[in-house]
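Numbering (this note's numbering), first residue to last: 6 to 343. Step one of this worksheet: look at the structure below.
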Ligand code: TRP
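See below:
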């Protein structure tokens, strides 16, 4: 079975874009014939690279882990853990810091974007952590002999860097790391902002109306979908170029009902926008209902969630320890005493 690793950042609340684009696929894969040996990590250390509130980070980390379980990540099939609870991530990051170069990190487009975008942050005051973000991500991946990394399109450059670091390390210190491969989902991958359908749905969007949160109640979901930006004309047709708003709603409907876009497009081809939006809203509400219910049950038992995460961290630690002994030997560090 292929070893698969993916990370998800605990910033804000989980939203429909993450769920449809990534998490639902992870869940489905657990019991599919093409089952993989999957590790999913809540990457709290990555969430510290931009200004944040400590209490909020604690809450977001707990809620995201709880939500992943509610969404159907089965801790008996997949390995689920919180990054900072396995100390080898930070440790391997430090070692890889001496393989990564200033020049290549400076060229990371996400670093360039984030180091200008944040309010009150000047290029001089950007943290070393933000600069180093992709090296920590490489550590996450390489620590588990990962073969495949399912990841969004916006992470291509970071994944490429992980591969480069693995190959450079292997060349310099002897074969140590598996060189990972990125897998980029094609359909249902890009749920766009409802208010601004040419940019990805994200929790940091300008208007909260543009983003459906997984814990939104039915009234909120319906309101957001009904006020979604649609396009001129009145035809329900899939045409992302000329009708990004309607196409996004078709994309959402297809994803949450497990149908293809042509199927849902045909179903609503004669409808007006109003009836179409009502149907999309209902489909989203229905598909989130069981997830929300499981979330409530789990959130009411934080001790159980903690137990699951502790168990995940322990299993991850055992895998990471094996790779770290190999790394330490390769780079000339004394073995870690047992
Ligand atoms: N950078 C990723 C993102 O923003 C999150 C991430 C951190 C990750 N470490 C990872 C994804 C390792 C895959 C593998 O989405």
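No residue lacks a Cβ here, since even glycine has one placed at the ideal position from N, Cα and C.
- The beta-carbon separation of residue 303 and residue 85, rounded to 12 Å, does not stay under the 8 Å limit for a contact.
- In the three-state scheme derived from DSSP, where H, G and I count as helix and E and B as strand, residue 42 is classed as strand.
- Cβ-Cβ distances below 7 Å link residue 148 to 93, 94, 97, 325 and 328 in the same chain, with the five nearest sequence neighbours on each side left out; the list follows chain order.
- Shown here, residue 242 sits in coil according to DSSP, grouped into three states, outside any helix or strand.
- Scanning 286, 275, 142 and 244 for the CA closest to the CA of residue 266 turns up 244.
- Annotation: residue 343 to residue 11 spans about 29 Å, alpha carbon to alpha carbon.
- Residue state for residue 248 is assigned as coil, using DSSP reduced to three classes.
- Checking the DSSP bridge columns, you'll see residue 155 partnered with 188.
- Contiguous beta strand (DSSP E) elements confined to the segment 59-107 occur at 84-87, taking only those with 3 or more residues.
- Following the DSSP letters along the chain, one finds residue 312 inside the alpha helix (DSSP H) bounded by residues 307-336.
- Sequence-distant Cβ neighbours of residue 163 in its own chain, meaning closer than 6 Å and more than five residues away, are 139 and 142.
- With contact defined as three or more Cβ pairs closer than 8 Å, the segment 40-47 and the segment 11-26 are in contact.
- Taking each of 233, 311 and 37 in turn and checking the Cα distance to residue 70, the smallest one comes out for 311.
- Put simply, of 25, 6, 17 and 19 the residue whose alpha carbon is nearest the alpha carbon of residue 259 is 25.
- In the three-state reduction of the DSSP assignment, residue 112 falls in the coil class, being assigned neither a helical nor a strand state.
- In the structure shown, the three-state DSSP call for residue 218 is strand.
- A distance criterion of 7 Å places the beta-carbon of residue 11 in contact range of ligand 1, judged by its closest non-hydrogen atom.
- Nearest to residue 91 by alpha-carbon distance, out of 335, 331 and 322, is 322.
- When secondary structure is reduced to three states using DSSP, residue 173 falls in the helix class.
- Beyond the five residues adjoining it in sequence on each side, residue 277 comes within less than 7 Å, by CB distance, of 239 in the same chain, given in chain order.
- A straight line joining the alpha-carbon of residue 72 with that of residue 18 spans about 9 Å.
- Per DSSP, the continuous beta strand (DSSP E) segment holding residue 11 begins and ends at 8-13.
- For residue 297, the enclosing alpha helix (DSSP H) has its first and last residue at 278-304.
- For residue 228, the enclosing alpha helix (DSSP H) begins and ends at 223-231.
- Remark: the shortest separation between the CB of residue 319 and any heavy atom of ligand 1 does not fall under 7 Å.
- Taking 8 Å as the cut-off, the Cβ atoms of residue 154 and residue 127 do not count as close.
- In its chain, beyond the 5 residues on either side, 15, 49, 52 and 53 have a beta carbon closer than 8 Å to the beta carbon of residue 62.
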